[in-house]
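Worksheet: one structure, shown below.
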Amino acid sequence: MLKQTPLNATHRELGAKMVDFGGWDMPVHYGSQIEEHHAVRAGCGLFDVSHMLPLDIRGENVRAFLRRLVANDVDKLQTPGKALYACMLNEAGGVIDDLIIYFMDESWFRLVVNAGTADKDVAWMEKMNAEWGMNLTLAPRRDLAMVAIQGPKAAEVLNHALPGVDSLTGTLKPFNAAAMGEMFVARTGYTGEDGFEVMILAKAAPMFWRALMEAGGQPIGLGARDTLRLEAGMNLYGQDMDETTNPLESGLAWTVDLKTARDFVGRKALETSEVTKQLVGLVLVDRGVLRSHQKVRTKHGEGEITSGTFSPTMQQSIALARIPLGIAPGEDVDVEIRDKILRAKVVKYPFVRNGKILIA
Amino acid sequence: MSIPTDLKYTPSHEWVRVEADGTLTVGITHHAQDLLGDMVFIENPAVGRVLNKGEECAVVESVKAASDVYAPVAGEVVAANGDVESSPESVNQDAYAAWMFKLKPTDAGMVAELLDAAAYEKLVASEAH
Numbered sequence: 084m085l086k087q088t089p090l091n092a093t094h095r096e097l098g099a100k101m102v103d104f105g106g107w108d109m110p111v112h113y114g115s116q117i118e119e120h121h122a123v124r125a126g127c128g129l130f131d132v133s134h135m136l137p138l139d140i141r142g143e144n145v146r147a148f149l150r151r152l153v154a155n156d157v158d159k160l161q162t163p164g165k166a167l168y169a170c171m172l173n174e175a176g177g178v179i180d181d182l183i184i185y186f187m188d189e190s191w192f193r194l195v196v197n198a199g200t201a202d203k204d205v206a207w208m209e210k211m212n213a214e215w216g217m218n219l220t221l222a223p224r225r226d227l228a229m230v231a232i233q234g235p236k237a238a239e240v241l242n243h244a245l246p247g248v249d250s251l252t253g254t255l256k257p258f259n260a261a262a263m264g265e266m267f268v269a270r271t272g273y274t275g276e277d278g279f280e281v282m283i284l285a286k287a288a289p290m291f292w293r294a295l296m297e298a299g300g301q302p303i304g305l306g307a308r309d310t311l312r313l314e315a316g317m318n319l320y321g322q323d324m325d326e327t328t329n330p331l332e333s334g335l336a337w338t339v340d341l342k343t344a345r346d347f348v349g350r351k352a353l354e355t356s357e358v359t360k361q362l363v364g365l366v367l368v369d370r371g372v373l374r375s376h377q378k379v380r381t382k383h384g385e386g387e388i389t390s391g392t393f394s395p396t397m398q399q400s401i402a403l404a405r406i407p408l409g410i411a412p413g414e415d416v417d418v419e420i421r422d423k424i425l426r427a428k429v430v431k432y433p434f435v436r437n438g439k440i441l442i443a
Numbered sequence: 004m005s006i007p008t009d010l011k012y013t014p015s016h017e018w019v020r021v022e023a024d025g026t027l028t029v030g031i032t033h034h035a036q037d038l039l040g041d042m043v044f045i046e047n048p049a050v051g052r053v054l055n056k057g058e059e060c061a062v063v064e065s066v067k068a069a070s071d072v073y074a075p076v077a078g079e080v081v082a083a084n085g086d087v088e089s090s091p092e093s094v095n096q097d098a099y100a101a102w103m104f105k106l107k108p109t110d111a112g113m114v115a116e117l118l119d120a121a122a123y124e125k126l127v128a129s130e131a132h
């Protein structure tokens, strides 16, 4: 029996093509994933992301707990509402999950974790909570729905759907959040456009979604969600990194903070391991589509595509790939696609941000 | 969408129209494009190529996956549709109007072995479960 979000009936009413997404019954598109992709970059798209899990951590030692739990430093969060993107590592330095942490006050931090790893994450955090004697309360918020509103017109759509919310959104800076009762608005997203991720009580979700549609938001499925995030150069857990890869070979060194003597799970492994691979962007020069697991041949050895797709904005195939060190942007590599060897160019990513192609 | 009754079909979801001059026009069905999703590339066989029945002769690539297209009967490729190669999305818009290539069949009688609309409809219904 597949899990359902509070918007399941709404998606079906809208004619969505539903698929099994990691045990969840989710919309992959509502007609055309390419058209939905363009709609986000040009206007405003709505995404049901209720399968992800908000997790409230409360107590006296939350900050100390999180400083030890994740590879980024939550001491960067001093202003209430400020958010941090971080990786949670195991003792070997492998990535358990990537997540966003919102600092609300010294006794309350909210985390948002991936759907497929939610159970694993909560179990791990409870274990650490107990082992470190932190005495915190971890509250998974399955009573909340989450809707992402993304695109240049996102603020306009949200303000029209919820009159008065502009008192919140008007001054909300990127990577900051604000709470209004049980409604939680974060200026974050997974598309490389301006936008918000809003958490509301589950039962309010269908009406909220319809209000957003009336205000001009277009429903967007998981197919377009993937092409948007890949264009924006954002990692997908389970594809671009997992428990067998560390952040330094996953393009996530920028999320690892070693500046202070802060001890965190996996630090020693990161500091003593030898990094031999890097995550790079690829653009396919020829016609074709780069896809996960395709072999990459470089002058320094073999690599692998971690995520690939056809970019609707660039009208070319793009990918993230894990390849040996020593190959720089501008150089060519070979990719094995269905018995053919095709040429791809190594590029620095992101590929697209705020509707603009960044790759020459 | 109803399955056109003036066409013939293969179990691998190609459709075939017999033209007045005996050539066959070939495309992929509405059901096929629905399964694959938004098309991004179409690669037709070269004109002049001689195909065996069931031979892989073209590729349709969608955002989701690449899929081979098979020759419905043995024959020679006499035309390939450049429009569908430059606008692959036309296959999603109207699969029966977006033809891919034309064949001169080696044996005109082999067309009778293809599925008619009713048989193809049954096949699609059975694959749904």
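Chains as they are written, first to last, in the numbering used here: chain A, 84 to 443; chain B, 4 to 132.
All residues carry an ideal CB built from backbone N, CA and C; glycine is no exception.
Keep in mind that this is a model prediction, so the values were computed, not measured.
Within chain A, partners of residue i - CB distance below 8 angstroms
i	result
residue 59/B	Those do not exist, as residue 59/B stays about 11 angstroms from chain A at its closest Cβ, beyond 8 angstroms.
Member of the options whose CA lies at the smallest distance from the CA of residue i
i	options	result
residue 327/A	178/A, 194/A and 427/A	178/A
residue 91/B	269/A, 395/A and 405/A	395/A
residue 112/A	80/B, 116/B, 120/B and 41/B	41/B
residue 199/A	359/A, 171/A and 135/A	135/A
residue 323/A	314/A, 333/A and 315/A	333/A
residue 351/A	372/A, 301/A and 329/A	329/A
residue 170/A	313/A, 155/A, 92/A and 226/A	155/A
residue 107/A	126/A, 131/A, 120/A and 319/A	131/A
residue 18/B	72/B, 87/B, 130/B and 85/B	72/B
residue 55/A	387/A, 217/A, 385/A and 441/A	Here chain A has residues from 84 to 443 only, and residue 55/A is not among them.
residue 183/A	255/A, 272/A and 215/A	272/A
residue 231/A	433/A, 288/A and 263/A	288/A
residue 85/B	47/B, 78/B, 30/B and 31/B	47/B
residue 402/A	95/A, 430/A and 152/A	430/A
residue 464/A	110/A, 85/A, 84/A and 86/A	What is shown of chain A runs 84 to 443, which leaves residue 464/A out entirely.
residue 372/A	397/A, 360/A, 147/A and 348/A	397/A
residue 277/A	240/A, 305/A, 406/A and 286/A	240/A
Distance between residue j and residue i (C-alpha atoms, nearest Å)
i	j	result
residue 399/A	residue 296/A	30 angstroms
residue 237/A	residue 186/A	24 angstroms
residue 58/B	residue 52/B	11 angstroms
residue 161/A	residue 370/A	48 angstroms
residue 437/A	residue 248/A	23 angstroms
residue 124/A	residue 235/A	7 angstroms
residue 50/B	residue 107/B	11 angstroms
residue 99/B	residue 390/A	33 angstroms
residue 258/A	residue 365/A	28 angstroms
residue 251/A	residue 267/A	10 angstroms
residue 24/B	residue 111/B	11 angstroms
residue 115/B	residue 45/B	28 angstroms
residue 284/A	residue 376/A	39 angstroms
residue 163/A	residue 294/A	29 angstroms
residue 36/B	residue 233/A	28 angstroms
residue 88/A	residue 301/A	18 angstroms
residue 337/A	residue 310/A	23 angstroms
residue 159/A	residue 340/A	10 angstroms
residue 220/A	residue 227/A	18 angstroms
residue 104/A	residue 381/A	33 angstroms
residue 91/A	residue 408/A	44 angstroms
residue 67/B	residue 308/A	13 angstroms
residue 88/B	residue 356/A	49 angstroms
residue 82/B	residue 39/B	24 angstroms
residue 282/A	residue 393/A	31 angstroms
residue 207/A	residue 318/A	22 angstroms
residue 419/A	residue 387/A	10 angstroms
residue 331/A	residue 433/A	17 angstroms
residue 443/A	residue 166/A	32 angstroms
residue 312/A	residue 79/B	44 angstroms
Within chain B, the residues that residue i reaches when beta carbons sit closer than 7 angstroms
i	result
residue 421/A	69
Under 8 angstroms from the C-beta of residue i: neighbouring residues of chain B
i	result
residue 98/A	Within chain B, no residue comes near residue 98/A; the closest Cβ sits about 13 angstroms away, beyond 8 angstroms.
residue 392/A	66
Residue-chain proximity (residue i, chain B), Cβ-Cβ < 7 angstroms
i	result
residue 116/A	yes
Proximal chain B residues relative to residue i, where beta-carbon distance stays under 9 angstroms
i	result
residue 306/A	40, 41, 66 and 67
* **Cβ-based contacts, 7 angstroms cut-off: residues of the segment 34-67 of chain B near chain A** => Under the 7 angstroms Cβ criterion, the segment 34-67 of chain B contributes 40, 41, 43, 44, 64 and 66.
* Asked: Using a beta-carbon distance cut-off of less than 9 angstroms, what residues from the segment 361-384 of chain A approach chain B?
  -> If the cut-off is 9 angstroms between Cβ atoms, the segment 361-384 of chain A has 370, 371, 372 and 374 near chain B.
* Under 7 angstroms (Cβ pairs) to chain B, residues found in the segment 271-304 of chain A -> Within the segment 271-304 of chain A, no residue qualifies.
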